[in-house]
Amino acid sequence: MKQLYFFSTLFLLTSSVYAQVVFKPRATQLEYLEFHNDEIIVLKTPQANLQTFTSKLPYPIIFVHGLNSSSDTWNTSTNYFDNQYNFTFGGRLDYCLNADSNNVLANTDFYPVANADIAAFSTNFQNGDYYYVNFNLNPDGTIDTNVLSNQAAVTKQGAAMKDAVQRVLQITGKDKVILVGHSMGGLASREYLQNTNNWQADNLHHVAKLLTLGTPHGGSNASDNPLAFFTSVNVRSEAIRDLKETYYYSGEPSVYLFGGTEIQNSSSMNDNSYSPDFYNVDINCNGVTGESIIGLNQKVLDNYIDFSCVIGRITGGTTDGVVAEPSSLLNTYITGLLYPAKYFYFNSSFDFIENHTELPGKYYQILQGLDEPNYKELAYGISTNQNYIGFTTVQANSGTSDIDYFKFTVSDNVNATVDMSSIVTSNMNAAFLDANGNLIGSAHNNSGSTLNFTETLSPGNYFLRITSVSPSTSNYQTPYQFAITTVLDNKTFNTTVNSIQVYPNPTTDLLTIYGTSIDAIMIYDISGKNVYHIEFTDKTPKQTIDVSSLKKGIYFLTLEQKGQKSVFKILKE
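Start counting at 1 in the sequence shown, then tack on 468, and there's your number in the working numbering.
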């Protein structure tokens, strides 16, 4: 699809102009070993010697862990994705967020800047379906942390997310990503999205969907619980300071989430009267305190992102034991979204204390949250002549149809054929819509596990709408497969100008076009794939091109002349 290709290429070219983050050196053998107490843990590793890879997902997924955690928290779900859907792990993005080991001073500088708080480390990183962001690091790059890197300020996390998104876009060649954050990882994702200084070099965030799991959008006071003493959470840390719903003694809402002034005294940001205060109150991590802060929940959030939340409920409660409702409900704090977040619940049968830490392993609810957009305005971009998978899941309002929207572009008059297979829901239909959402032709129903139809499309932007009328709780186990195949429409030949000569035809190597000045030449194979493109500045009436590299077969030669097109059928021998 030319439009997607254009934007992806534009991003890659633009981002290459800006300085890349410099990786801090570390011993290679430490990359996949975690040293936790007296235990050595081998971490998840990308598949070795992956020669060729083409993702069947429209966009890659980036998983972001929560407070005092690590990227391993996602292994249960991603191992299921690997085994069930043949997903490919693209690698881990490692960041130490307290690289100077100084808890008192804060900044968002990256190594090798002197005293930088953020250090990125090189990892085995390749094209894949999904990626991990990991903040559980020491300043030397060893996995596990004794410097509170995974309890650092959310502002620092957002700065690291900027680099993570950039690197994933570059390695995959895609123009958007999907962010999935557990607990504080959801706030890290929002910190990236709601601060334009964190966006990419082209001033766009490049995020199609945000899924949060047990994220304290309105804060959490779980650190006030005496049981928190038995965890390794440090109540003086930057993260606890940012995640608070209200400060225990002074009682006002979190400055990071709801705004206020960076002042810590008996009546402001006073949370730990029984122990020392927060290490610092530099919420925006700029080296200056006493400033007025605009809270995350006071900042604008782009309306054209698909939002979902997974919420945990312990037995008989409306809390996951760490984050209580409504704090986990995004729409409570970001009001007026054109397309409000959808909510999916994990209800425990026998968890009476907490199920917050279980949420990253609940792949059923994660897949519900990852379901493709059900509004055309949020549709995922796809390319023609490429295979994809999509998911049929039970919706937030159970009993409603699962509607998935995809968008694509065609640049010529084509016959576009939808081929779908592996359909397991009993009733599915699909249709093309024009750029305004008007139905083209009619909706087509599945016949068993397949669905096929063809429509003639002129150049422009279109939507593919796929509707599963009655999704069941087991449909997620088998994704549907689909592709849009385009072949140039025979009507295109009616634009041929008789005065133009194309010879020799058939040809083995050289092809001459004579009779008029030509702006550009495109050659398409029988499937409609563009295999040759050249533009001319010397617009003479005779041009010769070399097609010797093309395989034997039938091709379509398209000539552009002052906005008009002429098409010839040629045979390569």
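Yeah, the Cβ is synthetic: ideal placement off N, Cα and C, and Gly gets one too.
Continuous beta strand (DSSP E) stretch holding residue i: start and end
i	result
T546	Where T546 is concerned, there is no enclosing beta strand (DSSP E), although the alpha helix (DSSP H) it sits in stretches over 543-553.
K630	First-last for K630: 622-640, but that is the alpha helix (DSSP H), not the beta strand (DSSP E).
L978	978-982
T877	870-878
T922	919-925
L616	Per DSSP, L616 belongs to no beta strand (DSSP E) and is neither H nor E.
N998	998-1003
M737	Neither: M737 is in no beta strand (DSSP E) and is coded neither H nor E.
A899	896-901
R933	928-936
Closest by C-alpha distance to residue i, when choosing among the options
i	options	result
L605	L616, D819, L679	L616
D568	V581, G558, T556	V581
V665	T576, I639, N748	The sequence shown places Asn at residue 665, not Val. If we check each option's Cα against that of N665, T576 comes out closest.
Q1093	Y811, K1020, A707, G849	In the structure as shown, the chain starts at 469 and stops at 1041, and residue 1093 therefore has no counterpart that could be examined.
K712	N771, F820, V790, G649	V790
K1040	Q1032, I1022, S795	I1022
T975	V1015, P514, T613	V1015
S796	L679, I981, P514, K997	L679
R658	A669, P684, K644, P794	P684
M990	G996, L1018, P972, L1027	L1027
T868	T623, I850, S940	S940
F968	E1003, Q1011, E706	Looking at the sequence shown, residue 968 is not Phe but Ile. The candidate whose alpha carbon is nearest that of I968 is Q1011.
S879	Y948, Y992, T786, Y807	Y992
Y848	N929, H650, F726	N929
H1001	L525, D987, T954, D788	D987
E822	R781, N973, P927	R781
T1008	I981, L1025, D562, K1033	I981
L979	F746, P493, G609, S1017	S1017
Q668	G687, T640, D631, S700	D631
Q662	T610, L725, N693, T861	L725
A620	F531, N752, E730	N752
F589	D608, F491, T786, T541	F491
T877	T852, F1024, A516	T852
Q1032	S936, T946, N881	N881
Q1029	G686, D870, T1005, K1019	T1005
D788	F593, I611, S688	S688
V645	N618, S985, A676	A676
P947	E1003, T861, S866	T861
Residue environment, residue i, which counts as buried when at least 16 other CB atoms sit within 10 Å
i	result
L647	buried
I773	buried
E507	exposed
F950	buried
I994	exposed
A495	exposed
L907	exposed
Q625	buried
P525	This sequence places Leu at residue 525; Pro is not what is there. Buried: at least 16 other Cβ atoms inside 10 Å.
N966	Here N966 scores only 49 on pLDDT, less than 50, and its place in the model should not be relied on; the value that follows carries that caveat. Exposed: under 16 other Cβ atoms inside 10 Å.
G682	buried
I509	exposed
H674	buried
H504	exposed
E706	buried
L1025	buried
Extent of the continuous alpha helix (DSSP H) run through residue i
i	result
E822	Element bounds for E822: n/a, residue is neither H nor E.
F726	723-726
Q836	831-838
D710	706-711
G654	652-661
N799	798-801
Sequence-distant residues of its chain with Cβ nearer than 6 Å to residue i (five each side left out)
i	result
F921	V886, H912
T513	Y500
I934	D872, A898
Same chain only: Cβ atoms within 7 Å of residue i, ignoring 5 sequence neighbours per side
i	result
G728	E720, I761
T783	S816, S817, F818, D819, F820
F961	Legend: pLDDT at F961 = 40, less than 50; position of this residue unreliable, no value from coordinates given.
N889	A quick correction: the sequence has Ser, not Asn, at residue 889. The answer, listed in chain order, is S917, T918, Q949.
Y813	I779, R781
S700	N536
Nonlocal neighbours in the same chain, by C-beta distance under 8 Å from residue i, ignoring five residues either side
i	result
G1086	With the chain represented from 469 up to 1041, any question about residue 1086 goes unanswered, as that position is not in the structure.
A584	A567, D568, N575, D577, F578
T591	E499, G559, R560, L561, D562
Does the stretch 712-728 come close enough to the stretch 632-652 to have 3 or more Cβ pairs within less than 8 Å? Verdict: no, contact absent.
Spell out a yes or no on whether the stretch 726-740 and the stretch 543-560 are touching, meaning 3 or more CB-CB pairs, one atom from each, closer than 8 Å. The stretch 726-740 vs the stretch 543-560: no contact.
Counting pairs of Cβ atoms below 8 Å between the stretch 583-599 and the stretch 507-522, do you hit three or more? Flag = yes, the stretch 583-599 and the stretch 507-522 touch.
Does the stretch 824-836 come within contact of the stretch 500-514, defined as at least 3 CB pairs closer than 8 Å? They do not touch, by the three-pair rule.
Taking one C-beta from the stretch 839-848 and one from the stretch 537-551 each time, how about it: are there three or more such pairs within less than 8 Å? A contact is defined here as three or more CB-CB pairs under 8 Å, and the stretch 839-848 fails this definition with respect to the stretch 537-551.
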